[in-house]
Amino acid sequence: MVHACFTSIYQHKPIAVIGFGVTGRACVEFMRRHGAQVSLFDVKHDELRKSVGNEPLLKGVNIIPFNDDSCFKGFDTVVVSPGVNTQLPAIQNALSEGLPLISDIELFARHNSVPAIGITGSNGKSTVVDMLHKGFSATGLKVGVGGNFGNSILAFLDEPYDLIILELSSFQLELTFSLHLRIAAILNVTEDHIDRHGDIIGYARAKQRIFKHADICIVNRDDPRTFSEGDTHRLNSFGSFHSLKVSGVKSGFNNNPSHNANDSRDIYSSDLGISIGDELIVAQEKIRHLANHNVLNAQVALLCAKSILNTVEEMQCFIESVINYSGLAHRFALVHVEQMSNGKTIHWVNDSKATNPGAAIAAIKCIPDDAILVMLVGGDSKGTDLRELRELIRRRVAKLIVLGKDAKRFSNCCADTSFVETIDDAVLLANEFSHATQQNTYVLLSPACASIDMFKNYQERGKQFEQAVLRVEVV
């Protein structure tokens, strides 16, 4: 379906798209469908020109080299793919000249009329978005999921939806200016993408842009970096019960007289279960099986549902979906449990989606205290601060197996550390160590690093780990 209003806006207009990855491709397709004159800037311009014959989408597109000298004057709109570093000279020059550089999310925002929820944070974004998608779909709503998760967000402009859920990265938010959200949430802010944002303050500010035009802002009471200065009356919160009761937390949230432990805008977990204000939403026995991080994720999902759904029946459908949520692939996913001859077990856990230290720390904290822990780490650390993770590894990890570009950054973390070249080598070594202990053992792939130094993405890394585990167990 092609909306005539979009065609009237973009027909014959000069539009530039920078980058031809997943997002760039979707932007080119959207603009071509609505009659724009599209120019595509990409570092792989020669390859793209050669592929025009086999790529119908590129026919009629002006393909231009992208480099430090690229100029974007004369374009009505310049859509920058999230993988393109905004610190590059060509982008910085264009911004300083006031040229109309935007993200695909901003392009979506300018035309969207459907209620939307936006989720960002260093860790847990995809899980919360997936939880929301499944929960709202269970109530009968037609729900679209996109942004950094799922489909191209632009596809939602041409189809009718009841609700749209967006996973938003700091990269996408950098060039997003007018996104109106019914609900916006920042789950947490831990060190990540420092190589792009400069420091954690710059990274946090990029995340906080999600709140600019939101009706309701959900923050983590236990994480001061999820807060931005401004209107506190839009705030809802999630987090520990302790942070509701103790005044003067670093964020200053509990110093705000408009909030208290019985506020219907605040959700928390206690021995009784999950409550919003004075209302018990889910009894403890129904969520006992959820790991700690998924209890927090459930808090965010339930807080969103409370603001969107209109009936008790709808809310109950949503709650049932959350209670039965099984998690995402590559996110603390149990691959295999082996029982040794003495009755002890080896649990193999794939947490390949842990691409920063905060995610790896959360994974370690989910391992039973009485289990031996073997941990696989390494990859592209993106300049993040590893000190907190190193300290936890020293205290908790019995065997550390390291691979990837920044392997040396993990030296001296653990008394028993081995460096390997491949996932297969790592799994073989972990298997050998685990059997030698003859104790209940967890082998945890939680790299704390990006995967791009050795793999196409974290999914490929996780799949290779799972395949290697199954090969070892077959033998």
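Just so you know, the working numbering puts the end of the sequence shown at 811, numbered straight through with nothing missing.
From the three backbone atoms N, C-alpha and C, an ideal C-beta is built for every residue, glycine too.
Can you tell me which residues form a DSSP beta bridge with residue i?
{"i": "ASP602", "result": "SER573"}
{"i": "ALA619", "result": "GLY609"}
{"i": "ALA521", "result": "ILE455 and ILE554"}
{"i": "ALA786", "result": "ASP716"}
{"i": "ASN487", "result": "GLY482"}
{"i": "VAL353", "result": "LEU376 and VAL415"}
{"i": "ALA669", "result": "ASN686"}
{"i": "ILE708", "result": "THR777"}
So residue i and residue j are supposed to be a Cβ contact under 8 Å. How far apart are they, rounded?
{"i": "GLY740", "j": "ASP687", "result": "So it is not a contact: roughly 15 Å between Cβ atoms."}
{"i": "VAL397", "j": "VAL374", "result": "5 Å"}
{"i": "ALA452", "j": "LEU502", "result": "6 Å"}
{"i": "ARG561", "j": "ALA540", "result": "4 Å"}
{"i": "LEU780", "j": "ALA699", "result": "6 Å"}
{"i": "GLY460", "j": "ASN524", "result": "7 Å"}
{"i": "THR463", "j": "PRO418", "result": "That belief does not hold up - the Cβ atoms of THR463 and PRO418 are roughly 20 Å apart, past 8 Å."}
{"i": "ILE603", "j": "LEU504", "result": "No, ILE603 and LEU504 are not in contact; Cβ-Cβ is about 21 Å, not under 8 Å."}
{"i": "ASP716", "j": "ALA734", "result": "No, ASP716 and ALA734 are not in contact; Cβ-Cβ is about 26 Å, not under 8 Å."}
{"i": "LEU765", "j": "ILE737", "result": "6 Å"}
{"i": "ILE697", "j": "LEU725", "result": "6 Å"}
{"i": "PHE342", "j": "HIS469", "result": "Actually they are not in contact, since the Cβ atoms of PHE342 and HIS469 sit about 26 Å apart, beyond 8 Å."}
{"i": "ALA550", "j": "ILE519", "result": "7 Å"}
Buried or exposed: residue i, going by 16 or more other Cβ atoms within 10 Å of its Cβ?
{"i": "GLU802", "result": "buried"}
{"i": "SER657", "result": "buried"}
{"i": "ASP412", "result": "exposed"}
{"i": "HIS370", "result": "buried"}
{"i": "ARG807", "result": "exposed"}
{"i": "HIS629", "result": "buried"}
{"i": "ALA372", "result": "buried"}
{"i": "ARG667", "result": "buried"}
{"i": "SER387", "result": "exposed"}
{"i": "ILE312", "result": "Past the boundaries of the shown model lies residue 312; the chain is included only from 337 to 811, so the question cannot be answered."}
{"i": "THR526", "result": "buried"}
{"i": "LYS718", "result": "buried"}
{"i": "ASN484", "result": "buried"}
{"i": "VAL616", "result": "The sequence given here has Leu at residue 616, not Val. Classification for LEU616: exposed."}
{"i": "HIS595", "result": "Below a pLDDT of 50, predicted positions are generally treated as unreliable, and HIS595, at 47, falls in that range; the measurement from the model is reported next regardless. When all chains shown are included, HIS595 counts as buried."}
Give the single residue among the options whose Cα lies nearest to the Cα of residue i.
{"i": "ILE708", "options": "ASP551, SER770, ARG385 and SER473", "result": "SER770"}
{"i": "ASP559", "options": "LYS718, GLY419, GLY457 and SER505", "result": "GLY457"}
{"i": "MET799", "options": "LEU632, ARG541, TRP684 and THR413", "result": "In the sequence on display, residue 799 carries Lys and not Met. Residue TRP684 is the option with its Cα nearest to LYS799."}
{"i": "LYS380", "options": "GLU365, ASN678 and ILE400", "result": "ILE400"}
{"i": "ILE351", "options": "PHE377, CYS341, GLY357 and THR359", "result": "PHE377"}
{"i": "VAL555", "options": "CYS653, LEU511, LEU571 and THR512", "result": "LEU571"}
{"i": "ALA430", "options": "GLY410, ILE759 and LEU502", "result": "GLY410"}
{"i": "ASP382", "options": "ASN459, PHE577, PHE356 and VAL710", "result": "PHE356"}
{"i": "TYR794", "options": "LEU722, GLY714 and LEU806", "result": "GLY714"}
{"i": "SER787", "options": "ALA743, PHE492, TYR604 and PHE472", "result": "ALA743"}
{"i": "GLY454", "options": "ALA521, ILE345 and ILE644", "result": "ALA521"}
{"i": "SER449", "options": "ILE703, LEU517, CYS553 and SER417", "result": "LEU517"}
{"i": "PHE402", "options": "GLY694, LEU384 and LEU616", "result": "LEU384"}
{"i": "LEU511", "options": "ILE519, GLN635, VAL388 and GLY434", "result": "GLY434"}
{"i": "ASP498", "options": "THR475, ASP721 and ILE617", "result": "THR475"}
{"i": "ASN660", "options": "VAL671, ALA634, ARG667 and GLU649", "result": "ALA634"}
{"i": "PHE577", "options": "SER611, PHE563, GLN544 and ARG545", "result": "SER611"}
{"i": "ALA445", "options": "LYS386, LYS395 and PHE513", "result": "PHE513"}
{"i": "LEU712", "options": "PHE746, GLU615, ASP551 and PHE492", "result": "PHE746"}
{"i": "GLU621", "options": "GLY575, ASP614 and SER606", "result": "SER606"}
{"i": "GLU809", "options": "ASN767, ASP494 and THR777", "result": "ASN767"}
{"i": "ASN692", "options": "ALA665, CYS702, ALA784 and SER677", "result": "ALA784"}
{"i": "ARG292", "options": "LEU608, ASP535 and PRO392", "result": "Residue 292 lies beyond the stretch modelled for the chain, which goes from 337 to 811, so this question has no answer here."}
{"i": "GLN347", "options": "MET367, ALA362, ALA542 and GLN675", "result": "MET367"}
{"i": "LYS680", "options": "ASN776, PHE507 and ILE546", "result": "ASN776"}
{"i": "GLY538", "options": "SER506, GLN774 and LYS548", "result": "SER506"}
Taking residue i as part of the alpha helix (DSSP H), name the residues at either end of that continuous run.
{"i": "PHE854", "result": "Lying outside 337 to 811, the shown extent of the chain, residue 854 is not represented and no answer is given."}
{"i": "SER754", "result": "Here SER754 belongs to no alpha helix (DSSP H); instead the beta strand (DSSP E) covers 753-755."}
{"i": "CYS640", "result": "628-644"}
{"i": "GLY483", "result": "Not the alpha helix (DSSP H): GLY483 falls in the beta strand (DSSP E), residues 479-483."}
{"i": "HIS370", "result": "Where HIS370 is concerned, there is no enclosing alpha helix (DSSP H), given that its DSSP letter is neither H nor E."}
{"i": "ASN767", "result": "759-773"}
{"i": "PRO693", "result": "693-700"}
{"i": "VAL465", "result": "461-474"}
{"i": "ASN429", "result": "425-432"}
{"i": "ILE536", "result": "536-544"}
{"i": "ILE659", "result": "648-659"}
List the endpoints of the continuous beta strand (DSSP E) containing residue i.
{"i": "PHE377", "result": "373-378"}
{"i": "PRO560", "result": "Premise fails: PRO560 is in no beta strand (DSSP E) and is neither H nor E."}
{"i": "PRO392", "result": "No beta strand (DSSP E) contains PRO392, which DSSP labels as neither H nor E."}
{"i": "LEU736", "result": "735-738"}
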